[in-house]
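**Student:**
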Amino acid sequence: MSNTNTRNRRRPQKKINHKMRGKLVGLFAVVLLALVGLLGRITYINATSGKKYKKQVLTQAQQKYQSSTLPAKRGDIYDRNGNILATSQKVYSVILDCKTVNSDEKYVEPTVRALTDVLGLDEDKIRSILSAEDTKNSQYQILKKQLSMDEKKAFEDYESPAEDSELSDAQKAERANIKGVWFEEDYLRSYPFNELANDAIGFTLSRDTADVGLESYYNSTLMGTDGRQYGYINDNADVEQTIIDPKDGQSIVTTLDVGVQQIVEKYVNGFKEAMGAKNIGVIAMKPSTGEIIAMDGGDRYDLNDPRDLSSKCSEEEIAAMSDEDTVTALNAMWSNFCVTETYEPGSVVKPIVMAGALEKGKISETDTFVCDGGQTFGANGDTYIKCAVWPDAHGTEALRDVIANSCNDAMMQIAAKMGTEQFLKAQTLFNFGSRTGIDLPNEGSGVIHTADTMGETELACSAFGQGFTCTMIQEINAMCSVINGGSYYQPHLVSEIKDSSGSTVKKFDPIFMKQTVSSEISADIRSYMQASVQEGTSGTSKVQGYSSGGKTGTAEKLPRGNGKYLVSFITFAPVDDPQILLYVVVDEPNTEDQADSKYPQYIAQGILSELLPYLNVTPDESEDGSVPETELWEGFKGHLVDVSGSSVDEKGNLVDGSGNRVDLEGNRIDENGYLLNDNGEHKLDDNGQYIMSTYLIASSSDSDTTLKEAISDTNVPAPPEEDESDTTENNDMESEGITNEEAGLD
6 MSNTNTRNRR RPQKKINHKM RGKLVGLFAV VLLALVGLLG RITYINATSG KKYKKQVLTQ
66 AQQKYQSSTL PAKRGDIYDR NGNILATSQK VYSVILDCKT VNSDEKYVEP TVRALTDVLG
126 LDEDKIRSIL SAEDTKNSQY QILKKQLSMD EKKAFEDYES PAEDSELSDA QKAERANIKG
186 VWFEEDYLRS YPFNELANDA IGFTLSRDTA DVGLESYYNS TLMGTDGRQY GYINDNADVE
246 QTIIDPKDGQ SIVTTLDVGV QQIVEKYVNG FKEAMGAKNI GVIAMKPSTG EIIAMDGGDR
306 YDLNDPRDLS SKCSEEEIAA MSDEDTVTAL NAMWSNFCVT ETYEPGSVVK PIVMAGALEK
366 GKISETDTFV CDGGQTFGAN GDTYIKCAVW PDAHGTEALR DVIANSCNDA MMQIAAKMGT
426 EQFLKAQTLF NFGSRTGIDL PNEGSGVIHT ADTMGETELA CSAFGQGFTC TMIQEINAMC
486 SVINGGSYYQ PHLVSEIKDS SGSTVKKFDP IFMKQTVSSE ISADIRSYMQ ASVQEGTSGT
546 SKVQGYSSGG KTGTAEKLPR GNGKYLVSFI TFAPVDDPQI LLYVVVDEPN TEDQADSKYP
606 QYIAQGILSE LLPYLNVTPD ESEDGSVPET ELWEGFKGHL VDVSGSSVDE KGNLVDGSGN
666 RVDLEGNRID ENGYLLNDNG EHKLDDNGQY IMSTYLIASS SDSDTTLKEA ISDTNVPAPP
726 EEDESDTTEN NDMESEGITN EEAGLD
């Protein structure tokens, strides 16, 4: 019974009839045939075009690194004390892959929003790039350059928020749709001291191109070699990646001293504000080595923004400039007066001419000369060249008197004793008419007479620095050899080259080139120049406590008689062992009577008054170690501002941000110059006495009378014509680099 019930509860079995079986077999056959057909088609495509399609996919996937440049870091520039004058900071360019963004509509809005909100880019510009026919399929569009690392990181953090972010799911989803944005590395050149020593340092036109200053001369040393990162498809249709690492540029250590440069520019700026001039140039050099420790060649401009003409021209003038006018103005601003410009030097060459005459035995230390006011030349005596004191005369003079009085008459007689041949040989010995080989681009050469062009008048006038031209670097380098014992060194600004790890690659020792005069003659010339400071035309430059030598120069510019003068002063200290040689040129001082060599002496005196203590030069004229205060030019008052946040009150006194009177070092002082504490109480010395500030500007005791060293004389001949094309030829680079013309600047 039970078995019967069990059998009754079993489910009935369904059987597939013949018709259903036929349908299943047919369906299976169709699917199988479709798969076979699809497989066949894939096999065919792979066999005929597989590599083509694979390359397309791989190329898109490797877009970010295929054939991309890995930039090299440009080497740094240091001063002699390790201060960074120029360096390179890593920056980034924002690259937009339009094809990727446009590949899906949902990518567009999140990407545009991120670029505008995070990086502050222009939304209209981005949308235009994404929609324009010529860019919408581009995979490389630069949206912004010189993005900082912080800005790049901010975008990346926005694009890929942290897991514990408080963003909603919708916000996370939106940021996940930011596509097609990547960053390309580059380097941005920066100059921490802005305009300081701009003429010597120079700047880069692009990361690896420079045209002025040390940046240009040592361009191939500094710029390094870029690397490459690229992908390619090998014979097996696999992607390969190759990376060639960049080689960073080497760094250069200069002979410049930031502290000295700041002192130099402080007094040049002060003179510019007080009086002004067409141009002012200053070079400070170590006489024993030819090292240049400061160079100020004229116009100020920010090395971080060298195309900004606002310091020279008004907005209206800049707006009215054509491209050609702009290039001309920029070239003028970038030109280094100390190295490139040539001019008639005037009486600063007299010690050099005298040293050459002594060296060649044409005069002796015991010779005397009679100045009667001038010299007559020509067969008929129709050419008369005046001395500066004409119609007066200096009378009988020893050699020291000739230099102290800056006597043109006596110098013309000395030149006559030398004769044309020996005079020209002496000029060549001191390197006039030839470049010095300084490691800066665009060095001028100046022009001197030849035996064919030098008549007796040209010979006479060349003896007092008119009738030929030179550069500042030629003059100071020649004088360097005259006062250092006779050794002529090649002037230079770089002492060392270091690799990217800081190891020294090369050292530049002073390059001795020739002996110009004996040590005995050198000592004699130093004593004559000391007499010029003690009792002659250089007395305005005197710095208390230090012995010094000097020579003034006043050259009438062409055309003679137009009232335009270039005045100059060259000085050294101390006399027996010169530690510093300083040359100051003021081209056309902004005053009615330009023929006054006191103007460059004011600048030199101010510089030396701070420079000598800065260099720890012992005050050799101080018996008890104390140094009396040097009275500076009264015109500097209120114009020597080098204290951060300071200003000048209505009485011309220097004050700090709170209106408290301060000295040149920023120390608080009372109205009499005594030092005060921050709370306004007087500082006391060990004896309980008030302490006087040593950084005050006092009125000068100089009279207002012009220093008579020059006189307008239309009989002074012009220099020979100079071949301007030769001025910058083959002297503007260390090895590689570009000329002005190649940079599009001429």
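Residue numbers for the sequence shown follow the numbering used here, beginning at 6 and rising by one.
Ideal Cβ placement from N, Cα and C applies to all residues, glycine included.
The model shown is predicted, which means the values in this text are computed figures rather than measured ones.
Using only the alpha-carbon positions, how far apart do Y619 and I612 sit?
**Tutor:** Taking the first residue of the sequence shown as 1, we reach residue 619 at position 614. Taking the first residue of the sequence shown as 1, we reach residue 612 at position 607. So the alpha carbons of these two residues sit roughly 10 Å apart.
**Student:** Tell me the rounded alpha-carbon separation between I131 and A159.
**Tutor:** Taking the first residue of the sequence shown as 1, we reach residue 131 at position 126. Taking the first residue of the sequence shown as 1, we reach residue 159 at position 154. When rounded, the distance between both Cα atoms is 19 Å.
**Student:** For D328, which of helix, strand or coil comes out of DSSP?
**Tutor:** Here residue 328 corresponds to residue number 323 of the sequence shown, with the count starting at 1. Look at D328 here: in three-state DSSP terms it is helix.
**Student:** On the CB-based measure, 16 or more other CB atoms within 10 Å of its CB, does I285 come out buried or exposed?
**Tutor:** Numbered from its first residue, the sequence shown carries residue 285 at position 280. It counts as buried.
**Student:** Return the chain-ordered list of same chain residues with a C-beta closer than 7 Å to the C-beta of T425, the five sequence neighbours on each side being excluded.
**Tutor:** Here residue 425 corresponds to residue number 420 of the sequence shown, with the count starting at 1. A456, M459 and L464, listed in sequence order.
**Student:** By the three-class DSSP mapping on this structure, what secondary structure does L32 have?
**Tutor:** Here residue 32 refers to the residue found at position 27 of the sequence shown. Correct three-state label for L32: helix.
**Student:** Quick one: what's got a C-beta closer than 8 Å to D191's C-beta in the same chain, skipping five residues either side?
**Tutor:** Locating residue 191 in the sequence shown gives position 186, where the first residue counts as 1. P76, K95, V96, Y97, S98, K150, Q151 and R212, listed in sequence order.
**Student:** For I89 and P197, I'd like the C-alpha separation in whole angstroms.
**Tutor:** In the sequence shown, counting from the first residue as 1, residue 89 sits at position 84. In the sequence shown, counting from the first residue as 1, residue 197 sits at position 192. Linking I89 to P197 through their CA atoms gives a straight-line distance of about 7 Å.
**Student:** Any idea if G386 is buried or exposed, counting beta-carbon neighbours within 10 angstroms, 16 or more meaning buried?
**Tutor:** Position 381 of the sequence shown, counted from the first residue, corresponds to residue 386. Exposed.
**Student:** Count Cβ pairs between the stretch 249 to 269 and the stretch 493 to 508 that sit closer than 8 Å; are there 3 or more?
**Tutor:** yes
**Student:** Suppose only complete runs of 3+ residues qualify. What are the beta strand (DSSP E) ranges in the stretch 114 to 199, listed by chain order?
**Tutor:** 146 to 152 and 186 to 195
**Student:** Quick check on DSSP: helix, strand or coil for E726?
**Tutor:** Sequence index remark: in the sequence shown, residue 726 carries index 721 (1-based). It is coil, neither helix nor strand.
**Student:** Beta strand (DSSP E) containing A560: first to last residue?
**Tutor:** For this step, residue 560 is matched to residue 555 along the sequence shown. First-last of the beta strand (DSSP E) with A560: G554 to E561.
**Student:** Select from P446, L29 and D253 the residue whose C-alpha is nearest the C-alpha of W339.
**Tutor:** As a working mapping, residue 339 is identified with position 334 in the sequence shown. Selected option, being the one with the closest Cα: P446.
**Student:** Given L308, which residues of its chain have a CB within under 6 Å of its CB, disregarding the five upstream and five downstream residues?
**Tutor:** Translated into the one-based positions of the sequence shown, residue 308 becomes position 303. So the qualifying residues of the chain are Y196, N203 and F208.
**Student:** Is I206 helix, strand or coil by DSSP?
**Tutor:** In the sequence shown, residue 206 corresponds to position 201, counting from 1. Reduced to three states, the DSSP call for I206 is helix.
**Student:** Can you tell me which residues form a DSSP beta bridge with H497?
**Tutor:** Within the sequence shown, residue 497 is the residue found at index 492, counting from 1. Per DSSP, E296.
**Student:** In the DSSP assignment, what are the bridge partners of P76?
**Tutor:** Within the sequence shown, residue 76 is the residue found at index 71, counting from 1. Beta-bridge pairing links P76 to no other residue.
**Student:** Check for me: the alpha helix (DSSP H) holding L645 runs from which residue to which?
**Tutor:** Taking the sequence shown and counting its residues from 1, the one referred to as residue 645 is at position 640. That residue, L645, is in no alpha helix (DSSP H); it is neither H nor E in DSSP.
**Student:** Taking the Cβ atom as the reference point for each residue, do A536 and R405 lie within a distance shorter than 7 Å?
**Tutor:** Translated into positions along the sequence shown, residue 536 becomes position 531. Translated into positions along the sequence shown, residue 405 becomes position 400. Yes, the Cβ-Cβ distance between A536 and R405 is below 7 Å.
**Student:** Would you say I481 and T441 are within 7 Å of each other, going by their C-beta atoms?
**Tutor:** One-based indexing of the sequence shown puts residue 481 at position 476. One-based indexing of the sequence shown puts residue 441 at position 436. No, these two residues do not count as a Cβ contact at 7 Å.
**Student:** P292 and F473: beta carbons closer than 7 Å?
**Tutor:** In the sequence shown, residue 292 corresponds to position 287, counting from 1. In the sequence shown, residue 473 corresponds to position 468, counting from 1. Cβ atoms of P292 and F473: not closer than 7 Å.
**Student:** Could you name the residues of the same chain whose beta carbon sits closer than 7 Å to that of K656, not counting the 5 residues immediately before and after it, in chain order?
**Tutor:** Taking the first residue of the sequence shown as position 1, residue 656 is located at position 651. Legend: pLDDT at K656 = 45, less than 50; position of this residue unreliable, no value from coordinates given.
**Student:** Exposed or buried, A393, counting other C-beta atoms within 10 Å across all chains shown (16 or more means buried)?
**Tutor:** For this step, residue 393 is matched to residue 388 along the sequence shown. So A393 counts as buried.
**Student:** Taking the straight line between their C-alpha atoms, what separation do you get for S165 and A181?
**Tutor:** Here residue 165 refers to the residue found at position 160 of the sequence shown. Here residue 181 refers to the residue found at position 176 of the sequence shown. S165 and A181: Cα-Cα distance of roughly 7 Å.
**Student:** Which stretch, first to last residue, makes up the alpha helix (DSSP H) that contains L613?
**Tutor:** The residue given as residue 613 occupies position 608 in the sequence shown. That run of the alpha helix (DSSP H) goes K603 to Y619.
**Student:** Taking DSSP as the reference, what is the three-state secondary structure of M423?
**Tutor:** Working through the sequence shown from its first residue, we reach residue 423 at position 418. In the structure shown, M423 sits in a helix (DSSP, three-state: H, G or I).
**Student:** Does the pairing of the stretch 311 to 319 with the stretch 413 to 424 give three or more beta-carbon distances under 8 Å?
**Tutor:** no
**Student:** In its own chain, which residues sit with a C-beta less than 7 Å from the C-beta of V106, not counting the 5 before and 5 after it?
**Tutor:** Counted from its first residue, the sequence shown places residue 106 at position 101. Once the five neighbours on either side are set aside, the close Cβ partners of V106 are Y112, V113, T116, L135, K184 and G185.
**Student:** With burial defined as no fewer than 16 other Cβ atoms inside 10 Å of the residue's Cβ, what is the status of Q694: buried or exposed?
**Tutor:** Looking up residue 694 in the sequence shown gives position 689. So Q694 ends up on the exposed side.
**Student:** Does the beta-carbon of F641, which I'm using as the reference point, lie nearer than 6 Å to any heavy atom of the ligand NAD?
**Tutor:** For the ligand NAD, the structure offers nothing, since it holds no ligand at all.
**Student:** Please report how far the alpha carbon of P311 lies from the alpha carbon of F342, in whole angstroms.
**Tutor:** Numbered from its first residue, the sequence shown carries residue 311 at position 306. Numbered from its first residue, the sequence shown carries residue 342 at position 337. About 17 Å.
**Student:** Across which residues does DSSP place Y49 in a beta bridge pair?
**Tutor:** Here residue 49 refers to the residue found at position 44 of the sequence shown. Paired residues: none, contrary to the question.
**Student:** What are the boundary residues of the alpha helix (DSSP H) that includes F276?
**Tutor:** The residue you call residue 276 lines up with position 271 of the sequence shown. Segment V263 to A279, the alpha helix (DSSP H) holding F276.
**Student:** Starting from the C-beta of L126, find all residues in its chain whose C-beta is less than 8 Å away, skip the five residues before and the five after it, and write them out in chain order.
**Tutor:** Here residue 126 refers to the residue found at position 121 when the sequence shown is read from its first residue. So the qualifying residues of the chain are V99, L120, L148 and K149.
**Student:** So, do the stretch 324 to 331 and the stretch 507 to 523 have three or more beta carbon pairs nearer to each other than 8 Å?
**Tutor:** no
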